[in-house]
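Each residue of the sequence shown is one higher than the last, beginning at 5 in our numbering. All C-beta atoms in this analysis are idealised placements derived from N, C-alpha and C, irrespective of residue type, glycine included. Nothing here was measured: the structure is a model prediction, and the numbers come from that model.
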Amino acid sequence: MHGEWRKSTFSHPNQADCVEVAFATEVRVRDSKNPSGGVLTFPVPTWFPRRVPANV
């Protein structure tokens, strides 16, 4: 299962100039301007940081 494609809530609804992300058993990323193009796939543990610095 690859999950539903989502865009940032900061994206303008009438523009397609951002990436879309789908979360499921893996994380998939694609260009919203070319949704039928290539997809980057990452294992979930590598997508999320293990530690966030205190000053972020």
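Output needed for residue i: all residues of its chain with C-beta closer than 6 Å, excluding positions within five of it in sequence on either side, in chain order.
i: R34; result: E24, V43
i: F27; result: G7
Let me know the secondary structure DSSP gives residue i once reduced to three states.
i: V56; result: coil
i: P39; result: coil
i: T13; result: coil
Have a look at residue i and residue j and give me their C-alpha separation to the nearest angstrom.
i: T45; j: S15; result: 22 Å
i: S40; j: V56; result: 34 Å
i: W51; j: K37; result: 22 Å
i: R54; j: V48; result: 11 Å
i: R10; j: T29; result: 15 Å
i: A58; j: R32; result: 28 Å
Let me check one thing: in DSSP terms, what residues is residue i bridge-paired to?
i: A26; result: R32
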